[in-house]
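Residue numbers (the working numbering): 17 to 208.
Ideal Cβ positions, reconstructed from N, Cα and C, are used throughout, including at glycine.
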């Protein structure tokens with residue numbers, strides 16, 4: 017159905033402890049976590065030699081920065097950054113918490129079961145379509161057999177094609193109607 021995405025090779029993989037406090041202390045108290053996230057982007061663009069547009073922050077890293085709210089982000093954070101051939105840098109926490117690991121495992125299992133059921137549905141749909149085509153072909157072959165038999169019968173009777181009897185009936189009917197008109201018109205002439 018859909019083309020599978022090719023896994024890009026990882027060109028560069030590094031681990032960093034990113035100091036965030038210096039940046040978020042400069043910003044307003046109600047914008048500190050935003051400033052911390054911006055610092056992660058700027059730090060990684062500087063050290064991984066790529067633009068900030070190509071940096072993708074992972075789910076658990078983002079949740080760790082925002083865990084204590086907007087006013088109190090962590091002072092420093094330990095991350096793993098991996099750069100792909102296309103220049104995209106994926107960043108995630110080095111060690112996930114126990115809760116995060118459990119959630120990741122559940123999501124992985126759910127995704128696998130979803131893909132499995134999706135494949136089963138696709139195979140069922142393909143099988144049903146194939147069966148429908150076979151039924152259609154059988155019905156068409158039966159129709160052609162019946163039509164061939166009709167043609168054989170008509171050829172034995174001297175009729176050239178299947179429409180001929182209908183046309184002959186129509187011709188006889190029109191002829192009889194024409195003779196009736198003629199007889200009526202003659203009666204009118206003589207009787208009147």
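Looking at the secondary structure, which residues open and close the alpha helix (DSSP H) in which residue i lies?
i: residue 104; result: Where residue 104 is concerned, there is no enclosing alpha helix (DSSP H), given that its DSSP letter is neither H nor E.
i: residue 39; result: 37-42
i: residue 62; result: 48-63
Exposed or buried, which one is residue i when buried takes at least 16 other CB atoms within 10 Å?
i: residue 59; result: buried
i: residue 157; result: exposed
i: residue 17; result: Unreliable placement is indicated for residue 17, whose pLDDT of 40 sits below 50; the coordinate value is still reported in the next sentence. When all chains shown are included, residue 17 counts as exposed.
i: residue 55; result: buried
i: residue 95; result: buried
i: residue 97; result: buried
i: residue 41; result: exposed
i: residue 63; result: exposed
i: residue 89; result: buried
i: residue 36; result: buried
i: residue 146; result: exposed
i: residue 39; result: buried
In the DSSP assignment, the beta strand (DSSP E) including residue i goes from what residue to what residue?
i: residue 73; result: 71-73
Less than 8 Å between the CB atoms is what I'm expecting for residue i and residue j, so what's the real figure, rounded?
i: residue 72; j: residue 26; result: So it is not a contact: roughly 13 Å between Cβ atoms.
i: residue 108; j: residue 76; result: 6 Å
i: residue 112; j: residue 123; result: Between residue 123 and residue 112 the Cβ distance is about 12 Å, and since that is not below 8 Å, they are no contact.
Going by the CB atoms, is the gap between residue j and residue i shorter than 7 Å?
i: residue 92; j: residue 33; result: yes
i: residue 86; j: residue 43; result: no
i: residue 52; j: residue 81; result: yes
i: residue 103; j: residue 139; result: no
i: residue 105; j: residue 31; result: no
Length at least 3, wholly inside the stretch 99-163: the beta strand (DSSP E) runs in chain order: 105-109, all fully within the stretch 99-163.
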